[in-house]
Amino acid sequence: MPRADVMEVYNLLPKSNCGACGCKTCMEFATKLVNREADPEDCPNLDEDSLKKLRELLAPPVREVTICRGDREVVVGGDEVLFRHELSYFNPPPVFIAVYDDMEEDELREKTERAQEFQVERVGETLRVDGLAVVSRTGDPERFAAAVETAVEHSEDLAIALISQDPRVLAAGLDAFDERPLLYPATEENLEDLVELAAEHECPLGLHATEVEDLVELSVRARERVEDLLLDPGTEFGPHDVVATTDKLAELRKAAVEEEFEPLGYPTLVTTFPYRFLEDDPVEAARRESYLAAACVLRYADALIMDTLEPWALLPVLTQRQCIYTDPREPQAVDPGLYKIGDPDEHSPVLVTTNFTLTYHCVADDLESADVDCWLLVIDTGGLAVDVSVAGGQFNGQAVKEALEEFNVEDKVNHRVLVIPGKAAAVKGDVEDATGWKVVIGTQDSSELPEFLEKEGLLRIKEEG
Amino acid sequence: MSERRPEDLLRELFNRILGEGEVREVELRDVSIEADELELELRTVAQALPREVWERLVRPRAEAVEREVEVPEYEPPVEEYEGEVAEVQLGATRSEGGTRDRVVKLGGERAYFVFEAPRPNPPVVTFDVFDTPDVGIPGPIREELGDVIEDPVDWARTVVKRYGVDVITLHLVSTSPKLHDAPVEEAMETLEDVLDAVKVPIIVGGSGDPEKDVEVFVKAAEVCEGERVMLSSINEDMDFERVVEAAKEHGHVVLTFAPVDVNMMKTLNKRVLNLGLSKEDVVMDPTTCALGYGIEYTVDVMTRIRLAALHGDEYLQMPISSGSTNAWAAREAWMKEESWGPREYRGPLWEAVTATTVALCGADLLMMFHPWAVQVVQEALEYMGREREVGDVHVTDFIA
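If you're matching them up, the sequences are chains A and B in order.
Residue numbering for the first sequence follows my numbering, starting at 1 and increasing by one per position.
Residue numbering for the second sequence follows my numbering, starting at 1001 and increasing by one per position.
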């Protein structure tokens, strides 16, 4: 794996172990740099030359490209491994929503606003779309400029992509919005003109070819003048769409990362919006887009241009992105604490669970959706799930005792009953001994909890005695 | 070449193109040395020109640039792997001692990505059939399948006929002591009825009870003599040696199961192989976490398993099976929630995305549930077995 070598990085550092970067030693800093947990700029004692060399050494094989400026800015690419378990993937792919210059102004404005407002809450995060792609359908520079104006005017922080094969249309779009929008698609036919335009306006440029070899050639020619490129190896449409598209993306990512083939060392671009025109049934179009886009999020799409704003179609794509782009080196954890579910009081039950994000959200959601009022005591298991932390010893009597004390649970309720997960049954005795509380073993799955609490008469716990 | 000013040169060039037609290549080869300066001048004039004239100018100029930039040779990064995945056959035809009309083969991969080598056997979908509808079958699936879920034979027959499914998994969940605690004999009757009713390979699923399942599988191995069914599944919590012995004796395949952990998967496989089954008799299930519910762990584990197999780890060189039906554990798949849109669309998509994600990471067998998802996934993943197809519809067809 051609990732930067720690020793090589270390040799460019001052080796003074001054601690100014927050690391105890320069070696520790070097390791963090290689793992992308620190920036070269964190060291105040680097000379210009070393800083430059360091940046080159640490530059990921897939270039990091910035689209737009200010509030609309998104960063794409920057990956350096083929598989996420080798490090992590960086910069979740932004989803651009297509608007078209042959739309009536009202329609365009309405879709723009829906894109701007789109949001879904999931596992404590707000999932959104990230950009607008203004697509020329008419080939008319004036209509295009008007569409860009409307899209920009009715959105606040969405990135902008300008999409036409005709450089004159794109130039008109740039008259309306010149804050580094993505220009696309540069093809065999229009490459020189689009390169010129992108260079002049300092815009990132998306290249399109349907075969990887052709894309190599476009890239070689474009990178003479434009640093920030995106590569579209041709999204496929039809029954072979998922396999052929992800396979092309995988080929170029492997060439970039494992063979350091520089002409392919750029973020990728996937376009699913044509399904809107290919399928008569809008539901089928959205389904196809969703299915294809979600697969491409797994396999190396760094930016997506979609048509659909249906939440049911975007949810799988945005969820896939949320999952695939978590950092596998970090435990997925929420803060330990005493969480209120519903409106609990001194008679409400106290349920114990771990701080693994997924565990917490599943338990909390199950209780909330059943309208249970209770206290949820989330203990620190280092982000491990119940069964794993019971086996690993993080879920034990001492941990529960400390949490009870830290979060003053005794003051919140006037009973002394804890409900622990069914999968933690093995530590019941240990928890009872350490805390002195009565311990009830709950259910294997949190979805069965509300019914269990009711059946066991635990929804209202009266004072002991 | 000359001392002439670029403007003059341009004028001359321009006149020739407009006046004499096809001489452009000769002229440009001459001027390519001063191309930078010339290009800028050309453009200014060119943008004011009528479109067809402009294109006549642009194209030759592109050719001129192409000559200057050297395109490095590109070879697709195809890796030679030392190991390969075993090929496992499910089902047996009459000539092989069974009664199936056709068989399926799983695995056999020699590469990770399709561009490195298409899969010898693209992923296979097996349709889940339960021997009782009392297992919390999600609403959208009940609605789609209708009354057939009341009868496993009807259910199996219908989905094979209607959706062209290649394999049926019959889950004998009624045997669970926590559900109906149906006697093993009763479950065997159902199994025999299904074997009679459909002629595709069969996977025999247990109820998840570690004790009862051993009895079910041992008996099923006997009842299915010659049919080469897969017993689904065995794990470290049960007395799996008896199941392995029965599979060996009657020529069946076993599915090994471990909870999202490469080493636990490997240890179990090793024990099973040491009991005398060969890689060609084993499929493994390293757990499928649903989209949104830990799918990234499954992605990592399956990827690591498949890479280990290709790099020569013989205890991981079995085809991978995925319980993609687990997608329905995600509330996004089944819950009625207006802000998410109709669950009739959401659920099947959730299942299709979950199945496709794991298939791209190496899964060879996909246990699935919803007819739409089954069809979409079958149709799409078949292409993993072929050379890459580049169609004639492209994004540029939709952009002016």
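Just so you know, even glycine gets a beta-carbon here, dropped at the ideal spot from N, CA and C.
These numbers come from a predicted model, not from an experiment.
Helix, strand or coil, according to DSSP, for residue i in the structure here?
i, result
"A374 (chain A)", "At residue 374 (chain A) the sequence reads Cys, which differs from the Ala that was named. Strand at C374 (chain A)."
"E329 (chain A)", "In the sequence on display, residue 329 (chain A) carries Arg and not Glu. R329 (chain A) falls in the coil class under three-state DSSP."
"Y1293 (chain B)", "coil"
"L158 (chain A)", "coil"
"L13 (chain A)", "coil"
"F1257 (chain B)", "strand"
"R109 (chain A)", "helix"
"E1225 (chain B)", "coil"
"P141 (chain A)", "helix"
"I461 (chain A)", "coil"
"V120 (chain A)", "strand"
"A385 (chain A)", "coil"
"Y1345 (chain B)", "helix"
"Y300 (chain A)", "coil"
"Y1383 (chain B)", "helix"
Sort the options by Cα distance to residue i and report the nearest one.
i, options, result
"A303 (chain A)", "A:L309, A:R288, A:P316 and A:R321", "A:R321"
"S1232 (chain B)", "B:E1280, B:T1256, B:E1225 and B:V1223", "B:T1256"
"V1198 (chain B)", "B:K1178, B:E1189, B:D1181 and B:V1159", "B:V1159"
"L82 (chain A)", "B:E1389, B:T1303 and B:M1318", "B:T1303"
"D1237 (chain B)", "B:G1083, B:V1223, B:I1305 and B:L1268", "B:L1268"
"P1183 (chain B)", "B:T1169, B:A1220 and B:D1128", "B:A1220"
"V6 (chain A)", "A:P14, A:T31, A:D42 and A:L13", "A:T31"
"E1080 (chain B)", "B:C1361, B:V1114, B:R1094 and B:D1166", "B:V1114"
"E1185 (chain B)", "B:D1213, B:E1144 and B:D1261", "B:D1213"
"T1099 (chain B)", "B:V1200, B:P1140 and B:R1157", "B:V1200"
"D1166 (chain B)", "B:I1399, B:D1128 and B:S1176", "B:D1128"
"D1409 (chain B)", "B:K1161, B:S1174 and B:K1105", "Shown here, chain B extends from 1001 to 1400; a query on residue 1409 (chain B) therefore has no answer."
"Q116 (chain A)", "A:V129, A:V95, A:K423 and A:L108", "A:V129"
Compute the minimum distance between the beta carbon of residue i and the heavy atoms of the ligand HEM, and state whether it is under 7 Å.
i, result
"E258 (chain A)", "Questions concerning the ligand HEM fall outside what the structure shown contains, since it holds no ligand whatsoever."
Where residue i and residue j are concerned, what is the direct C-alpha to C-alpha distance, given to the nearest angstrom?
i, j, result
"L318 (chain A)", "L127 (chain A)", "7 Å"
"D1239 (chain B)", "E1215 (chain B)", "10 Å"
"K1270 (chain B)", "V1218 (chain B)", "21 Å"
"D39 (chain A)", "L58 (chain A)", "9 Å"
"R276 (chain A)", "V134 (chain A)", "15 Å"
"V1299 (chain B)", "T272 (chain A)", "23 Å"
"E432 (chain A)", "R84 (chain A)", "41 Å"
"F452 (chain A)", "V419 (chain A)", "11 Å"
"V148 (chain A)", "L269 (chain A)", "20 Å"
"A1187 (chain B)", "K111 (chain A)", "55 Å"
"D1131 (chain B)", "I1202 (chain B)", "14 Å"
"K462 (chain A)", "N414 (chain A)", "8 Å"
"V1125 (chain B)", "G393 (chain A)", "40 Å"
"L191 (chain A)", "E202 (chain A)", "16 Å"
"P1077 (chain B)", "L1310 (chain B)", "16 Å"
"V99 (chain A)", "I160 (chain A)", "11 Å"
"V1393 (chain B)", "F237 (chain A)", "7 Å"
"G1312 (chain B)", "V243 (chain A)", "26 Å"
For residue i, write down the residues that DSSP places opposite it in a beta bridge.
i, result
"Q1378 (chain B)", "Paired residues: none, contrary to the question."
"I1168 (chain B)", "B:F1127 and B:I1202"
"T353 (chain A)", "A:V378"
"G77 (chain A)", "A:E64"
"I305 (chain A)", "A:F96 and A:T271"
"Q1089 (chain B)", "B:K1105"
"K340 (chain A)", "A:W375"
"G131 (chain A)", "A:F96 and A:A159"
"V439 (chain A)", "A:L418"
"G206 (chain A)", "A:L230"
"R1100 (chain B)", "B:T1093"
"L1231 (chain B)", "B:V1204 and B:V1254"
"Y184 (chain A)", "A:I163"
"I1320 (chain B)", "B:M1284 and B:A1363"
- Query: So does the stretch 336-347 of chain A actually touch the stretch 366-380 of chain A, counting three or more Cβ pairs closer than 8 Å?
  - Reply: yes
- Task: Check whether the stretch 1352-1359 of chain B touches the stretch 1373-1385 of chain B, taking contact to mean three or more Cβ pairs, one atom from each stretch, closer than 8 Å.
- Result: yes
- Three CB pairs or more closer than 8 Å across the stretch 1139-1157 of chain B and the stretch 1110-1126 of chain B: No: fewer than three Cβ pairs fall under 8 Å.
- Message: With three or more C-beta pairs closer than 8 Å as the rule, is the stretch 355-372 of chain A touching the stretch 400-409 of chain A?
- Response: no
- Query: With contact counted as at least three CB pairs below 8 Å, one residue from each stretch, are the stretch 43-63 of chain A and the stretch 209-218 of chain A in contact?
  - Reply: As far as the Cβ criterion goes, the stretch 43-63 of chain A does not touch the stretch 209-218 of chain A, which means the pair count is below three.
- Task: Determine, using beta-carbon pairs with one atom in the stretch 1069-1085 of chain B and one in the stretch 1311-1323 of chain B, whether at least three such pairs fall under 8 Å.
- Result: yes
- Between the stretch 349-361 of chain A and the stretch 383-391 of chain A, do three or more beta carbon pairs fall short of 8 Å? They touch, by the three-pair rule.
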